[in-house]
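Have a look at this one:
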């Protein structure tokens with residue numbers, strides 16, 4: 076489920092890694108998830124790449140997937156990663172909550188306020 080790098084001796088380029096990620100998302104969603112159009116309680120947006128939370132979650136799933144394949148721990152990946160993230164991704168309050176009939180993330184961006192705001196810590200603050 077990955078796109079091979081153009082060269083075998085070199086690390087994949089950022090473009091190749093991006094294409095691998097996109098292909099993984101498209102194949103995984105296509106092959107794994109079934110979301111009906113009527114009385115749907117699971118939310119999805121074809122413009123998934125336009126939703127930062129979705130991209131972050133899918134990216135984390137992809138990285139964990141690659142590791143699970145390498146470690147032969149796919150069963151744990153399904154339970155610990157896929158099930159946990161998709162409960163949020165596809166929920167009515169997840170990143171696609173306003174996309175039931177059409178993509179709407181940027182249509183509300185002018186009025187968008189984060190649900191939780193943060194204040195940056197002081198410059199001398201450390202994680203210890």
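In this note's numbering, the protein residues as written are 76 to 203. Glycine is no exception: its CB is placed at the ideal position from the N, C-alpha and C atoms.
Candidates the options: closest to residue i by CA position
i	options	result
residue 122	194, 201, 195 and 175	175
residue 135	120, 119, 152 and 125	152
residue 128	103, 165 and 104	165
6 Å Cβ shell around residue i - same chain, five flanking residues per side excluded
i	result
residue 137	96 and 99
residue 132	160 and 164
residue 108	none
Residue i versus residue j: straight-line alpha-carbon distance, rounded
i	j	result
residue 84	residue 154	34 Å
residue 167	residue 116	7 Å
residue 92	residue 124	15 Å
residue 106	residue 161	14 Å
residue 104	residue 89	22 Å
residue 94	residue 130	14 Å
residue 148	residue 173	35 Å
residue 201	residue 150	38 Å
Sequence-distant residues of the same chain with beta carbon closer than 7 Å to residue i, five excluded per side
i	result
residue 139	152 and 156
residue 101	none
residue 158	none
Same chain, Cβ closer than 8 Å to residue i, neighbours up to 5 away in sequence not counted
i	result
residue 178	120, 121, 122 and 125
Quiz item: Can at least three beta-carbon pairs, one atom from the stretch 191-200 and one from the stretch 140-148, be found at a separation below 8 Å?
Solution: No: fewer than three Cβ pairs fall under 8 Å.
Quiz item: Unbroken beta strand (DSSP E) runs of length 3 or more, entirely within the stretch 147-185: which are they?
Solution: Listed in chain order, the beta strand (DSSP E) elements of length 3 or more contained wholly in the stretch 147-185 amount to none.
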